[in-house]
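Following full-length UniProt numbering, the numbering of the sequence shown begins with 1 at its first residue and continues without gaps. Idealized CB from N, CA, C, for every residue including glycine. These notes concern the structure reproduced below.
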Amino acid sequence: MPTKHINGYEIAYDQAGYAAGPPVILLTGWAHDMSLYDGMFPIIARTRRVIRMCWRGHGPNRDDVPDYGVEEQVQDAIGLFDALGVHDFYLVSHSHGGWPALELADRLGPSRVRCLVMIDQIMTAPPAAFADGLKAMQGPDTWIQARQDLFEHWLAGSSNQAVHDHLTFSMGGFGHPMWGLSCRVIEKAYGEHGSPMGRMAKIKDAPLIRHIFSHPIQSPEYHQLHKDFQAKHPFFSFADLEGETHFPDLEIPEKCVQQVEALIQASQQA
């Protein structure tokens, strides 16, 4: 796994594909590594250059790092893009990787962030159970049970082996320091913006943004929230992938790549 030293930290990344044109860049959430994209990565690489990265402290070197947040994630991402000679790109994020993705879209503008596909991030204010879980995972005596509860919610009874393996071997490999930090950062982001849609609405010149998701499963209210936001913000679209888990990127990667490609095509015509 190659690495670059960015802003004083070792940032692991991977890239494949040799097509000309802007690459697709894949951002994870917290407390797991870029194996999240093991399903999507080879599919995208057949037709486009694709880059995936780990946040600081998430690569092969798991030494503790000082606390950091969305701003440092953005700076590390930009530093890696610069080191790899990437100017403009198509961006994909999963879950709370959406916070730095939205900041990148706002800061760099549509001339660099051509479009953004966000995968399965909670678009409302934090539901009560999730907010309680964020608190519990910050406690050294309560984090393990809180994480187990979260994993069970994300699985929603699914037997999908790729998702089970990811929880076991990737997310299960991070301890309380990273889980606690992640929950503090996520809690702060919701406190500042209310929701990802609240952050989206603040973008000065937004690229095309699409949210694709499976959770919450079959929720008319959640669909209506998306329709209402789309009516006010023409740059926004959404798709319910009708999967089982919080990880459609692993569970149904072909569907995710189809949505990414569709938004890329739309951005080229905009």
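request  = Reducing DSSP to helix, strand and coil, say where Val65 ends up.
outcome  = Correct three-state label for Val65: coil.
inquiry  = For a test of the three-state rule: what should DSSP assign to Tyr202, helix, strand or coil?
reply    = At residue 202 the sequence reads Lys, which differs from the Tyr that was named. Three-state result, Lys202: coil.
ask   = In terms of residue numbering, what span does the alpha helix (DSSP H) encompassing Asp38 cover?
value = Neither: Asp38 is in no alpha helix (DSSP H) and is coded neither H nor E.
task = Assign Pro234 to buried or exposed, taking buried as 16 or more other Cβ atoms, counted over all protein chains shown, within 10 Å of its Cβ.
result = Counting Cβ neighbours within 10 Å, Pro234 comes out exposed, since fewer than 16 surround it.
query = What's the gap between the Cα of Asp249 and the Cα of Gly39?
reply = 7 angstroms
query = Using the C-alpha atoms, what's the distance from Ala77 back to Leu84?
reply = 11 angstroms
request  = Counting only the same chain and skipping the five closest in sequence on each side, list residues whose C-beta sits under 6 angstroms from that of His193.
outcome  = Arg199
message = Tell me the residue span of the alpha helix (DSSP H) that contains Val50.
response = Per DSSP, Val50 belongs to no alpha helix (DSSP H); it is in the beta strand (DSSP E), 50-53.
key: DSSP state of Val86 mapped onto helix, strand, coil   = In the structure shown, Val86 falls within a coil segment according to DSSP collapsed to helix, strand and coil.
ask   = Going by alpha carbons, who is nearest to Val185 out of His246, Asn61, Trp99?
value = Nearest of His246, Asn61, Trp99 to Val185, Cα basis: Trp99.
query = Does DSSP put Ser93 in a helix, a strand or coil?
reply = Of the three classes helix, strand and coil, the one that applies to Ser93 here is strand, per DSSP.
ask   = What first and last residue would you give for the alpha helix (DSSP H) that runs through Ala16?
value = First-last for Ala16: 9-16, but that is the beta strand (DSSP E), not the alpha helix (DSSP H).
query = How is His246 classed by DSSP in three states: helix, strand or coil?
reply = coil
Three-pair Cβ contact test at 8 angstroms for the segment 114-132 versus the segment 212-225 = At 8 angstroms Cβ cutoff, the stretches touch.
task = Indicate whether the contact test is met: 3 or more Cβ pairs, each with one atom in the segment 60-71 and one in the segment 1-14, closer than 8 angstroms.
result = yes
message = By the three-class DSSP mapping on this structure, what secondary structure does Ser182 have?
response = helix
key: Cβ neighbours of Gly243 in the same chain (closer than 6 angstroms, five flanking residues each side left out)   = Closer than 6 angstroms at the Cβ level, and outside the excluded window around Gly243, lie Ser214, Glu251, Ile252.
query = What number of angstroms, rounded off, separates the C-alpha of Gln224 from the C-alpha of Trp154?
reply = The alpha-carbon separation between Gln224 and Trp154 amounts to approximately 22 angstroms.
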